[in-house]
Structure formats: C-alpha cells, structure tokens
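Novice: Below you will find the structure I want to go over with you.
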Amino acid sequence: MNMVNIITKKKLGQELTAQEIDYFVQGAARQTIPDYQLAALLMAIRLQGMTDQETTHLTLAMRDSGDVCDLSAIPGIKVDKHSTGGVGDTTTLVLAPLVAACGVPVAKMSGRGLGHTGGTLDKLESVPGLSVELTEDAFIRQVNSIGVAVIGQTGSLAPADKTLYALRDVTATVDSLPLIASSIMSKKLASGADAIVLDVKTGSGAIMQTLEGSIQLAQAMVNIGALAGKPVTAIVTGMEQPLGTHVGNALEVKDAIDVLSGRTTGALLEVSLLLGSHMLVLSGRCATPEEGRALLQEALDSRRGLAKLKEMFAAQGGDPAVCDDVSLLPQPAVIRTVQVGRSGYVAEMDTTALGLAAQAMGAGRVQKTDALDYSVGFVLPVRIGDRVQPDTTLCTLYARSEEDADKAEAAIRKAIVFADEPVEAPPLCYAIVTKDGIERK
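Counting from 1 along the sequence shown, just add 4 to a position and that's the residue number in the numbering used here.
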C-alpha cells in the first residue's frame, strides 16, 4: 500500500477498498503515517465524500484499531448518549446524573472541544481536582458503585479516531458527514454500550447546518448502528442559538448545577429531558418517552439528580462542594455586563461565531496543543424571539483581560441580529430517526 496513491484515488473521487481503508486507519492508530498525509486524505474525503460502504468500513476499522470495552460486568442495559457538538451544549452533565438517579447505569466516554464546539471532558476538568482519566476497571467499579461515570477514551480505545479527531479540528475538515459518522460511531461501538441515543444538531452552530444534512447524518449513524447490531435512536435538535445560556467550561458546569438545583429551566433542561427519556426507553426502564420524562422530572424535583452529580464529582476526585457553592469553580480576572443598546426583537444568531468568540477568549482550542482557561466565556440570557430594550442585558463576559472582553463584546454584537417586528422562536426538536424511519416534528 502507498499512502500517496490512496490520497490521489480519493482526491479523484474514487471509492477506496476495505484494504486501503484498513491501511490508513492502522497507520493513524500506530502513528506510522505522517500527520500531513493523513490531513491530505481527510481533506480529500471532505471534498469528495464516501459511499455508505466506505463509511461503514471506516467506522468498523476505527473501532477495531484498538480495544473494545467490555461492560458486561455492569448489570443492565447500558445506554450511551452522544451529541454532534454545539455551543452551550451541556446536556451530558444534566442528563447523565438524572438517568443514573432513575436506576439506569450511565457508563459514558466523552470527548474534548472540537472547532467552535465545547467538550464535556474540558468542562469536567474545570471542577477542581476532577480527573477524567480512569482505567477500564476503575470505570466499571465506579458505575457499579454509584451508577454513573464520565471519562475520556483511553489511548487503547479507537486510537485511530483519536489521531484523526485532533487533525480534523485544525484542518477545517470537521464538517464531513462520513468523518463525523465514523468518528462518533467507532467510539460508541468501541465503548461497549448496549444502545445509543444520538443528539444530532442542526442550525447555525451545528456541524451540519441544514436540516436535511443533519437528518442525513442521523440516518447514516442509525444505519451503522443497525449493521453493528446496536439499537440507535437519533434526535435532531436545534442549534440556531446556544442551547444553554452559559458558554465556557466552568460556566457550563455552573449552568448544569443551576438546572439540577431547580434554579433555572429552559432549552438546556428540555433537550436533556428529551434525550434522557429516550435513553430510559432503550434501557428498558420504561415503555414510552412520556414515562421516561416523568421519571426524570421526579429525579430533578427531588434533587436526586444533583446528589448523583455530587457523587460523580467526588468519585472522580473533584470537589463536590461546587454543587453547593459555584463560586468555587475557576473565576476570571474580568467580569463585564453588556447591554443590548436598542429596542426590538432578537431575530437570529450566528452560533458558530458565538462559539468562536468563546474559543478566542481561551475557552476552546485553535491548535490541538492549546491550553484552556476554564474560567472564561460568557452568559447570554437573550433568546431568539425575545423582546429587548436598550437596557436589557445582552451578555455577561468572563475574560482574562479588558482587551479580551472588548474583542468578545464586538464578536458577540456582530453575531446577533435584531429586528423591529416580532420573531418566532425556533423549535428545539425537528425529527426523531430510528431504523424504522424518520418522524418529523
């Protein structure tokens, strides 16, 4: 096999053989192929696409590039959840403890920030002392002990994806359907879950920004799951604006704590309940999503979900006291409140630009080696459709310096459009995709 020939073949739009896919996947896993050649192939795939057969084989090859986690020592049906990535998307930190509080084990392996999107691991690491690096044995023991663990994938789990995932972030190849589908599903299949719920984002902050593209991605991943013998439900949700009001690592942990404490409601809670209800159905805990939502709501109202989050933080070395006092989370040097400055209605948001504004503040990575500042980001209380006045708070900035705050304020103002006439709020859920078809909402 010759990597230049494989790159050339895909550059010309030709279908790669299973042997060629295996070759470059193993090279990525073993790091025997230089980054620049892998980056060239990723761009060729981004531009030319892959057939369904190529995408499925790429997924299985990446799954088999390392260990496949065996979770059989954890009783019950283990249901994983994965989001394709968004801004202010803190659902894992809300629904994982809620689902666990309903008696369903949550053994979840998560990722880091990619492009303009945040990463669950980065958010968790903003909790003082918390570690996301557990051995497989420790991971299983924790789930058996308290019902929930959220960790990073080990180096031996889908190592090919770990290499390619980092390269996609810095080579503008994040938005490739076959690369997204194979990356997500290879990790989910390797992580040992019995069933999977996927949150596929659509809109200005999503990897796939059109509804039809998002539904295609959902179908591709559901089909891969079916071929691998795993029940998969994909829910297409809106990312026309940040999901939660908080954007930034420690800020998003605070947002999740506020939701689980009953202090805030809104889109983050609603989408978490939607995803969690389908997790409970796939686990066999209940028969319908409506029953699942009722169970989750009871866990929320009783604060059992918050108690479970505290248990998880403590089990992974973090300070559970942050759940009672969010000021114990990392704090920035500068806090600035910004007013809207005009009357009217919030008409639209460039959510990708908002994510990039947080990234530029230090909340995300431009290069894969960049260190994060867990304290920075912003709180954006306005939503599309809201009526605003000049003194309405547009955002509160949490920055390293006044200069960073100036840049972030300018970027956020540019990313939000106002109108003089009322604007309808976008829906939270657009479609639910299963192996039986598409249910549009």
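Note that the Cβ used here is the ideal one computed from N, Cα and C, for glycine as well.
Computed from a predicted structure; not experimentally measured.
Quick one: which unbroken alpha helix (DSSP H) runs of 4-plus residues sit fully inside the region 50-110? Chain order, please.
Specialist: For the region 50-110, whole alpha helix (DSSP H) runs of length 4 or above, ordered along the chain, are 56-67, 95-105.
Novice: Would you check if the region 333-351 and the region 273-288 touch, i.e. whether three or more CB-CB distances between them fall below 8 Å?
Specialist: Verdict: no, contact absent.
Novice: Using the rule of at least 16 other Cβ atoms within 10 Å of the residue's Cβ for burial, across every protein chain shown, is residue 225 buried or exposed?
Specialist: The residue you call residue 225 lines up with position 221 of the sequence shown. So residue 225 counts as buried.
Novice: Say whether the region 113-132 touches the region 243-259, bearing in mind that this needs 3 or more beta-carbon pairs closer than 8 Å, one atom from each stretch.
Specialist: yes
Novice: At 3 residues or longer, what runs of the beta strand (DSSP E) sit wholly inside the region 327-414?
Specialist: 338-343, 348-353, 381-383, 397-403
Novice: My output table needs one value for residue 225: the three-state DSSP class, helix, strand or coil.
Specialist: Indexing the sequence shown from 1 puts residue 225 at position 221. Residue 225: helix per DSSP, three-state reduction.
Novice: Suppose the cutoff is 7 Å on Cβ atoms and the five residues either side in sequence are ignored; what does the same chain contact list for residue 20 look like?
Specialist: For the purposes of this step, residue 20 is identified with residue 16 of the sequence shown, where counting begins at 1. Within the same chain, Cβ atoms closer than 7 Å to the Cβ of residue 20 are found at 10, 13, 14, 58, the five residues on either side in sequence being excluded.
Novice: If the criterion is Cβ atoms closer than 8 Å, does the pair residue 201 and residue 304 meet it?
Specialist: Within the sequence shown, the letter at position 197 stands for residue 201. Within the sequence shown, the letter at position 300 stands for residue 304. Against a cut-off of 8 Å, the Cβ pair of residue 304 and residue 201 comes out as no contact.
Novice: Count the other CB atoms, across all protein chains shown, that sit within 10 Å of the CB of residue 289; report buried if there are 16 or more and exposed otherwise.
Specialist: Stepping through the sequence shown from its first residue, residue 289 is reached at position 285. Its Cβ being crowded by 16 or more others within 10 Å, residue 289 is buried.
Novice: Quick check on residue 445: buried or exposed, where buried means 16 or more other Cβ atoms within 10 Å of its Cβ?
Specialist: Taking the sequence shown and counting its residues from 1, the one referred to as residue 445 is at position 441. Residue 445 comes out exposed.
Novice: With a cut-off of 8 Å, does the C-beta of residue 25 fall near any C-beta of chain B?
Specialist: Absence of chain B from the displayed structure is noted, only one protein chain being present.
Novice: What does the Cβ neighbour count give for residue 40, buried or exposed, with the cut at 16 atoms within 10 Å?
Specialist: In the sequence shown, counting from the first residue as 1, residue 40 sits at position 36. When all chains shown are included, residue 40 counts as exposed.
Novice: Quick check: what's the CA-CA separation for residue 236 versus residue 279?
Specialist: Your numbering for residue 236 matches position 232 in the sequence shown. Your numbering for residue 279 matches position 275 in the sequence shown. Cα to Cα, residue 236 sits roughly 12 Å from residue 279.
Novice: Enumerate in chain order the residues of its own chain whose CB-to-CB distance from residue 379 is below 7 Å, with the five nearest sequence positions on each side excluded.
Specialist: As a first step, residue 379 is located in the sequence shown; it is residue number 375 there, counting from the start. 254, 334, 335, 336, 402, listed in sequence order.
Novice: Considering only the alpha carbon of each residue, which of 7, 413, 177 lies closest to residue 120?
Specialist: Translated into the one-based positions of the sequence shown, residue 120 becomes position 116. Cα-wise, what sits closest to residue 120 is 177.
Novice: Just the Cα atoms here: how many angstroms apart are residue 370 and residue 364?
Specialist: Residue 370 sits at position 366 when you count from the first residue of the sequence shown. Residue 364 sits at position 360 when you count from the first residue of the sequence shown. So the alpha carbons of these two residues sit roughly 8 Å apart.
Novice: Return the chain-ordered ranges of every beta strand (DSSP E) run that is complete within the region 227-301 and spans a minimum of 3 residues.
Specialist: The region 227-301 contains these whole beta strand (DSSP E) runs: 236-242.
Novice: Would you say the region 105-115 touches the region 154-163, given that touching needs at least three Cβ pairs under 8 Å?
Specialist: yes
Novice: Within the same chain, show all residues whose beta-carbon is closer than 6 Å to that of residue 88, passing over the 5 residues directly before and after it, in chain order.
Specialist: Residue 88 sits at position 84 when you count from the first residue of the sequence shown. Taken in chain order, the residues that qualify are 204, 205, 211.
Novice: Would you mind working out which of 293, 374, 99, 193 sits nearest residue 165, comparing C-alpha positions?
Specialist: In the sequence shown, residue 165 corresponds to position 161, counting from 1. Of the candidates 293, 374, 99, 193, the one whose C-alpha sits nearest the C-alpha of residue 165 is 193.
Novice: Below 8 Å CB to CB, which residues in the same chain sit around residue 37 once its five sequence neighbours on both sides are set aside?
Specialist: Translated into the one-based positions of the sequence shown, residue 37 becomes position 33. Excluding residues within five positions, the ones whose Cβ falls inside 8 Å are 7, 28, 31.
Novice: Report buried or exposed for residue 339, applying the criterion of at least 16 other Cβ atoms within 10 angstroms of its Cβ.
Specialist: The residue labelled residue 339 in the question sits at position 335 within the sequence shown. Looking at its Cβ environment, which holds fewer than 16 other Cβ atoms inside 10 Å, residue 339 is exposed.
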